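**Q**
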Amino acid sequence: MSIESLLRERFSRAIGLAFGSEFAGEPMVKAGDPKFADYQCNAAMALSRQLGRPPREVATEILRHVQLADVCEPAQIAGPGFINVRISTTWLARRLAELFTDSASKARGGVARAAQSATVVVDYAGPNIAKEMHVGHLRSSILGDAIARTLAFVGHRVVRQNHVGDFGTQFGMLIRHAKDLKLDTGEMPQISDLDSYYKQAAQRDKSDPQFAVEARQAVVALQSGDSEALRLWHWIRDESRRHCREIFEFLGITLSEADERGESFYADRLPLVVQRLSEALPMGGDGPYTGTSDIFHPQRQLDANGLNVDGTVEASEPQIVTKAFVAESQGALCVFLPGFVDKDKKPLPLIIRKGDGAYLYATTDLAALYFRIIEEKTTPDQTAPLDQNWHADRIIYTTDARQAQHFSMVFDTIRAAHWDINPVTKLPVVLQHAPFGSILGEDGKPFKTRSGESVKLRELLYEAVQRADAVVEKKNPELPIAARQLVARAVGIGAVKYADLRQDRITDYQFVWDRLLALDGNTGPYLQYTFARIRSIFRKAGEVPATAVTIMLETPQERDVARRILQFSDVVLAVLQDLKPHYLCTYLYDLCGSFSAFYESCPVLKAASPELRQSRLALCDLTAAVLKVGLSDLLGMELLEEM
RNA sequence: GCGCCCGUAGCUCAAUUGGAUAGAGCAUCCGCCUUCUAAGCGGAAUGUUCCGGGUUCGAAUCCCGGCGGGCGCACCA
178 MSIESLLRER FSRAIGLAFG SEFAGEPMVK AGDPKFADYQ CNAAMALSRQ LGRPPREVAT
238 EILRHVQLAD VCEPAQIAGP GFINVRISTT WLARRLAELF TDSASKARGG VARAAQSATV
298 VVDYAGPNIA KEMHVGHLRS SILGDAIART LAFVGHRVVR QNHVGDFGTQ FGMLIRHAKD
358 LKLDTGEMPQ ISDLDSYYKQ AAQRDKSDPQ FAVEARQAVV ALQSGDSEAL RLWHWIRDES
418 RRHCREIFEF LGITLSEADE RGESFYADRL PLVVQRLSEA LPMGGDGPYT GTSDIFHPQR
478 QLDANGLNVD GTVEASEPQI VTKAFVAESQ GALCVFLPGF VDKDKKPLPL IIRKGDGAYL
538 YATTDLAALY FRIIEEKTTP DQTAPLDQNW HADRIIYTTD ARQAQHFSMV FDTIRAAHWD
598 INPVTKLPVV LQHAPFGSIL GEDGKPFKTR SGESVKLREL LYEAVQRADA VVEKKNPELP
658 IAARQLVARA VGIGAVKYAD LRQDRITDYQ FVWDRLLALD GNTGPYLQYT FARIRSIFRK
718 AGEVPATAVT IMLETPQERD VARRILQFSD VVLAVLQDLK PHYLCTYLYD LCGSFSAFYE
778 SCPVLKAASP ELRQSRLALC DLTAAVLKVG LSDLLGMELL EEM
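Offset between the first sequence (1-based) and this note's numbering: plus 177.
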């Protein structure tokens, strides 16, 4: 059990004894400012209001009942009613020794498995076919992967999903454009060629209305199984998949082909979804909107005074949807939901079938949700992880913040249709959009190449490795070239990933090479360096670490490292609570800071006694174990023995 | 216009979700390599937390009103 939950339990019990169990909920316990305490319990202030008694009196009462003698020094009351807890050094040492001895637990950095394993779908990366992956895919891939890794590590059944954009409107443009190109589809294309076809097609689509119309028709043809369209589709898709695999492999993203279920996968389910949705939700709506089509956009014209040309006054109150319903509007089949209005304050639809009969991303997302939560997957020819039912308990999307409204509408639709109920547990599925900001250049504007194009991932990652190589060559010229190349790759890629993960995902972040490859501060290279230093000690030690030791925490630095190591599991829980890997980055950076201070002031190999040497080696080993789990298992970065 | 997100040191970012004297790194200044990787460590200096109200024991955090920036708002994803 983590320190935090142990203390929470103790305080909860004390509060129950003092004031009755109805007050004993989750008392607030948090790691405190080291100036005052290792941990503090702030429950007294909150309780004082409920009890109508002064907070310090409440705190005194809690202290009278709390049992902490085995864990910490006598707790102190401070300020308005903080209860400060200083963990006893002998207790810390004992806990650490236990962790060190239990090799299975040590390999997990002391992180326990979740009490119950849930099925969690993580939907991330989601590149488009026929386009080279670019910086726009970077955050989703990196964040989603870190979240998926962390969920899996604590023991959940994680279903990774790469929702590839391979069957939507944009593909129609490609088909239409291809007609004029006379492509040789017998030969494997290059992703760079496809990328330029895509750009040409997009350009024509924008400037040529006739082309645009035919492109939309091509989508319908594709979605209804036209063989010529499908042949081209396969041709493009194969190369696109190869390209994505290459990028994922280079970046260390744990998405395999088995995880790929793009728009096309749901194609034949789309009419079904629309039909089921029409059955699950009322048709035509409530109140004054019943039955008629074009209910929100009557073809009325207003004169300069805001009067209809027939003389009636346009309703000044916005029309409000009170309950979700399906209706046809302007030829398109739509879901209308409470709380969504467009810029004219008219109800905003979620379009599930276009006027021309084609489906778009909302329909696909709904189909995917139905598939992930409800659909039975017992067909024997399906491959893992499709070979068993998912019945997801939680579904997480890492896509950029601009899609927040889209997901909010899709989730509301699912809930209105009661499709969010897990068929096995009968509990509501947790639907989460984990939005993130943009990547900006040093000038604070969207990260683009000089010519204004989006930066290709392949080039960006190549540059990261090149730059890292130059740094390594400068810092460690003795390193043989072969070793240096491995280091450069790990450092370069690690720096890019860490730069993304270390910052709160909701904010935009600036991509500045010199900053993310910096050797000091909260960067990938610094953390990797700390790990490499530890490994170096063990190489020099020339002995296998003992399996059991007495931990001695006689200096403040040793105690600080010990305290930090034991906080790890609480941080991992917080990451999963908020889906914010930057908590983990901040923690690991602090751990490295504590370790470096220890490293400076406490000789390990030349410690004053063999016992102290063993103890310090154990501290090094435990720090390395936490770094390995945090950096490698959870964040997906490579670690180095030497750099 | 409506909605969502953001605004913290010169710069880039934290702040365990309402807790104590708001913390790091960079840049600036001072000190430390004949001892385990100095890609490091120790120290100094740096703040009207965009502004104004409110809520309360206590606000960067919550509420209201401004200002500034980003994004979204019918057949693209």
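Beta carbons are placed, not taken as given, at the ideal position from N, Cα and C, and that holds for glycine.
Just so you know, these numbers come straight off a predicted model, no measurement behind them.
Three or more beta-carbon pairs under 8 Å between the stretch 429-441 and the stretch 334-341, yes or no?
**A** Yes: the two stretches touch, three or more of their Cβ pairs being nearer than 8 Å.
**Q** Give me, in chain order, the residues of the same chain whose beta-carbon lies closer than 6 Å to that of ALA667; leave out the 5 immediate sequence neighbours on both sides.
**A** GLU815 and LEU817
**Q** Would you call the stretch 760-779 and the stretch 188-208 touching, i.e. three or more CB-CB distances under 8 Å?
**A** Touching, no.
**Q** Determine the direct distance from the alpha carbon of PRO304 to that of ALA545, and round the result to whole angstroms.
**A** 16 Å
**Q** What's the gap between the Cα of VAL298 and the Cα of ALA395?
**A** 32 Å
**Q** Express the C-alpha separation of GLU655 and ALA645 in angstroms, rounding to a whole number.
**A** 16 Å
**Q** So, are the CB atoms of SER746 and ALA289 less than 8 Å apart?
**A** ALA289 sits close to SER746, with the two beta carbons spaced by under 8 Å.
**Q** Candidates ASP681, ASP519, THR732 and GLY671: which alpha carbon is nearest PRO612's?
**A** That would be ASP681, whose Cα lies nearest to the Cα of PRO612.
**Q** Compare the C-alpha of VAL607 against each of PRO623, ASP589, SER373 and LEU617 and name the closest.
**A** ASP589
**Q** Could you give the C-beta distance for THR541 and TYR443, rounded to a whole number, given that I count them as a contact under 8 Å?
**A** Correct: roughly 5 Å between the Cβ atoms.
**Q** In its own chain, which residues sit with a C-beta less than 7 Å from the C-beta of ASP382, not counting the 5 before and 5 after it?
**A** MET350, PHE388, ALA389 and ALA392
**Q** Is ALA544 near the ligand ZN, going by C-beta to nearest heavy atom under 7 Å?
**A** Ligands are entirely absent from the displayed structure, and the ligand ZN is therefore not among its contents.
**Q** Please report the distance separating the alpha-carbon of TRP268 from that of CYS249.
**A** 7 Å
**Q** Tell me the rounded alpha-carbon separation between ARG740 and PRO231.
**A** 33 Å
**Q** Is ASP685 closer than 8 Å to GLY156 when the C-beta atoms are compared?
**A** No answer is possible for residue 156: the residues shown for the chain start at 178 and end at 820.
**Q** How far does the beta strand (DSSP E) with ALA334 in it extend, from its first residue to its last?
**A** One point to set straight first is that residue 334 is Arg, not Ala, in the sequence displayed. Taken as a continuous stretch (DSSP letters only), the beta strand (DSSP E) holding ARG334 covers 334-338.
**Q** For my contact list, HIS420 and GLU309 are in at a C-beta cut-off of 8 Å; report their separation, rounded to the angstrom.
**A** 7 Å
**Q** Please list, in chain order, all residues of the same chain as ALA751 whose beta carbon is under 8 Å from its beta carbon, the five residues on each side excluded.
**A** LYS757 and TYR760
**Q** Run through the DSSP bridge pairs and tell me what ASN305 is partnered with.
**A** GLY342
**Q** Please list the segments of the alpha helix (DSSP H) lying wholly inside the stretch 665-735, counting only runs of 4 or more residues, in order along the chain.
**A** 690-693 and 701-718
**Q** THR133 lies in the alpha helix (DSSP H); which residues open and close that run?
**A** Since the first residue of the chain shown is 178 and the last is 820, residue 133 is not available in this structure.
**Q** Does MET350 come out as helix, strand or coil in the three-state DSSP assignment?
**A** helix
**Q** Pull up the distance between the alpha-carbon of ASP471 and that of PRO526, whole angstroms please.
**A** Confidence in ASP471 is poor, its pLDDT being 40 and thus under 50, which makes the residue's placement unreliable; the coordinate value appears in the next sentence. So the alpha carbons of these two residues sit roughly 12 Å apart.
**Q** In the DSSP assignment, the alpha helix (DSSP H) including VAL601 goes from what residue to what residue?
**A** It is not in any alpha helix (DSSP H) - VAL601 carries neither H nor E in the DSSP assignment.
**Q** Can you tell me whether GLY296 is buried or exposed, with buried defined as 16 or more other CB within 10 angstroms of its CB?
**A** One point to set straight first is that residue 296 is Thr, not Gly, in the sequence displayed. Answer is buried; the Cβ neighbour count reaches 16.
**Q** Within the same chain, show all residues whose beta-carbon is closer than 7 Å to that of LEU315, passing over the 5 residues directly before and after it, in chain order.
**A** Cβ neighbours of LEU315 beyond the five flanking positions: ILE616, LEU634 and ASP677.
**Q** Expressed to the nearest angstrom, what Euclidean distance is found between the alpha-carbon atoms of SER369 and ILE711?
**A** 43 Å
**Q** My understanding is that ALA307 touches SER417, with C-beta atoms under 8 Å, so please give their C-beta distance in whole angstroms.
**A** 6 Å
**Q** In the DSSP assignment, the alpha helix (DSSP H) including GLU186 goes from what residue to what residue?
**A** According to the DSSP assignment, GLU186 belongs to the alpha helix (DSSP H) that extends over 180-196.
**Q** For the alpha helix (DSSP H) holding HIS420, just list the boundary residues, first then last.
**A** Run containing HIS420: 404-428, per the alpha helix (DSSP H) assignment.
**Q** Under 8 Å: do the stretch 450-464 and the stretch 354-368 share three or more Cβ pairs, one atom per stretch?
**A** no
**Q** Hey, would you say ALA823 sits closer than 8 Å to LEU730, going by beta carbons?
**A** Residue 823 lies beyond the range of the chain shown here (178 to 820); nothing can be said about it.
**Q** What are the residues that DSSP puts in a beta bridge with HIS311?
**A** LYS633
**Q** Would you check if the distance between the CB atom of ILE591 and the CB atom of LEU543 is smaller than 8 Å?
**A** yes
**Q** Helix, strand or coil for THR296? Go by DSSP, reduced to three states.
**A** strand
**Q** In chain order, what residues of the same chain have a beta carbon less than 8 Å from the beta carbon of SER317, not counting five sequence neighbours either side?
**A** TYR301, ALA302, GLY303, THR575, THR576, ASP577 and PHE613
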